[in-house]
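The structure appears below as structure tokens.
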Amino acid sequence: MIIGILALQGAFIEHKHKLDSLKINSFYIRNLADLQKPKDGLILPGGESTAMNKLLDELNMKDLLISQIESGIPTFGTCAGMILLAKHISNQKHAFLKVMDITVTRNGYGRQSGSFIIHHEFDGIKIPMTFIRAPYIQLVSDQVKVLSVYDQRIVAARQKNMLVTSFHPELNHDFTIYHYFLNMIDNELTK
Ligand code: GLN
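Take the sequence shown: its letters are residues -8 to 182, numbered as in our numbering.
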């Protein structure tokens, strides 16, 4: 199994460290040639979604990225990565990749005071969740499974091959979300 991590901007190194400690092979995707390499899963990290979107356009990577995700490659978007995947963004006019049936609100917890850690349930398991200027999911279609709700806001969800979290599982010691994602990949590989 090998996982590609989008590495244009943001917290990609932390995802690699988590995968390294699980002994899962991964590589960074920095350009179109990297994106063309075979992989069993894809991670879109946290960071700044506008900046990532701009780089995806400039590097001519967007169409291929969208078609890979739509073709069913297991994809995990954290924070800005979740914003990239959303079909709608409630507080801005244009969305980015527009592949997942969710409406997200960017900087949903306020810009300055928006960083905090909680312990909360994800798919029935209590885990640490680190929020940094995080978005939340305001609305989902009936194609989307809600995996975590905090303070009446959806903070983790899944639609087919796409898993998203408002928070950053790469920034703490818990592996629950990675196990969930690796399980999605295993199920795809054994289909
Ligand atoms: N606020 C950022 C954005 O809108 C996301 C923050 C994050 O990824 N930690 O892109």
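Where is the CB? At the ideal position from N, CA and C, for every residue including glycine.
Handout entry: Which of helix, strand or coil DSSP assigns to N16
Key = For the purposes of this step, residue 16 is identified with residue 25 of the sequence shown, where counting begins at 1. DSSP places N16 in strand when its eight states are reduced to three.
Practice task
Could you tell me if S157 is buried or exposed, where buried requires 16 or more neighbouring beta carbons within 10 angstroms of its beta carbon?
Solution key: For the purposes of this step, residue 157 is identified with residue 166 of the sequence shown, where counting begins at 1. Label assigned to S157: buried.
Handout entry: Heavy atom of the ligand GLN within 7 Å of I74 beta-carbon
Key = Numbered from 1 along the sequence shown, position 83 holds the residue referred to as residue 74. It does: the Cβ of I74 is within 7 Å (strictly closer) of some heavy atom of the ligand GLN.
Exercise for the section: Please report how far the alpha carbon of L35 lies from the alpha carbon of D142, in whole angstroms. Expected result: Locating residue 35 in the sequence shown gives position 44, where the first residue counts as 1. Locating residue 142 in the sequence shown gives position 151, where the first residue counts as 1. Roughly 25 Å between the two C-alpha positions.
Exercise for the section: Run the proximity test for N184: is its beta-carbon closer than 7 Å to any non-hydrogen atom belonging to the ligand GLN? Expected result: Any property of residue 184 remains undetermined from this structure, which presents the chain solely from -8 to 182.
Handout entry: Contacts around F172, its chain only, beta-carbon distance under 6 Å, and the 5 residues preceding and following it disregarded
Key = The count along the sequence shown starts at 1 and reaches residue 172 at position 181. If we look at F172 and ignore the five residues flanking it on each side, its Cβ neighbours are F67 and L154.
Problem - Backbone CA spacing between A125 and K28 [nearest angstrom] - result: Position 134 of the sequence shown, counted from the first residue, corresponds to residue 125. Position 37 of the sequence shown, counted from the first residue, corresponds to residue 28. Distance between the alpha carbons of A125 and K28 is about 30 Å.
Exercise for the section: Answer yes or no: the CB of R124 versus the heavy atoms of the ligand GLN, is any distance below 7 Å? Expected result: Reading the sequence shown from its first residue, position 133 is the one you call residue 124. Flag set: Cβ of R124 near the ligand GLN.
Handout entry: N98: CB within 7 Å of a non-hydrogen atom of the ligand GLN
Key = Mapped onto the sequence shown, residue 98 falls at position 107. Result yes, Cβ under 7 Å from the ligand GLN.
Practice task
Identify the continuous alpha helix (DSSP H) that holds E49 and give its terminal residues.
Solution key: Your numbering for residue 49 matches position 58 in the sequence shown. For E49, the enclosing alpha helix (DSSP H) starts and ends at S40 to E49.
Exercise for the section: Kindly provide the ranges of any beta strand (DSSP E) runs that are 3 or more residues long and lie completely inside the stretch 58 to 125, ordered along the chain. Expected result: 66 to 69, 77 to 80, 91 to 96, 107 to 113 and 116 to 122
Problem - Between the CA atoms of I60 and F87 - distance to the nearest angstrom - result: As a first step, residue 87 is located in the sequence shown; it is residue number 96 there, counting from the start. As a first step, residue 60 is located in the sequence shown; it is residue number 69 there, counting from the start. Those two C-alpha atoms are separated by around 13 Å.
Handout entry: Proximity test, G101 beta-carbon vs the ligand GLN heavy atom, cut-off 7 Å
Key = On the sequence shown, residue 101 is found 110 positions in, with the first residue counted as 1. False, no ligand heavy atom lies under 7 Å from that Cβ.
Handout entry: Whole-angstrom distance between K7 and T69, CA atom to CA atom
Key = Sequence index remark: in the sequence shown, residue 69 carries index 78 (1-based). Sequence index remark: in the sequence shown, residue 7 carries index 16 (1-based). Those two C-alpha atoms are separated by around 13 Å.
Practice task
Could you give the DSSP three-state label for K53: helix, strand or coil?
Solution key: Against the sequence shown, residue 53 aligns to sequence position 62. K53: helix per DSSP, three-state reduction.
Exercise for the section: Using a threshold of 8 Å, state whether the C-beta atoms of I93 and V140 are closer than that. Expected result: Within the sequence shown, residue 93 is the residue found at index 102, counting from 1. Within the sequence shown, residue 140 is the residue found at index 149, counting from 1. No, the pair does not count as a contact, with Cβ atoms beyond the cut-off.
Handout entry: K45 to Q0 span [Cα, whole Å]
Key = Here residue 45 is taken as the residue at index 54 of the sequence shown, counted from 1. Here residue 0 is taken as the residue at index 9 of the sequence shown, counted from 1. Taking the straight line from one Cα to the other gives about 11 Å.
Exercise for the section: Answer yes or no: the CB of E39 versus the heavy atoms of the ligand GLN, is any distance below 7 Å? Expected result: Against the sequence shown, residue 39 aligns to sequence position 48. Correct: E39 has its Cβ closer than 7 Å to the ligand GLN.
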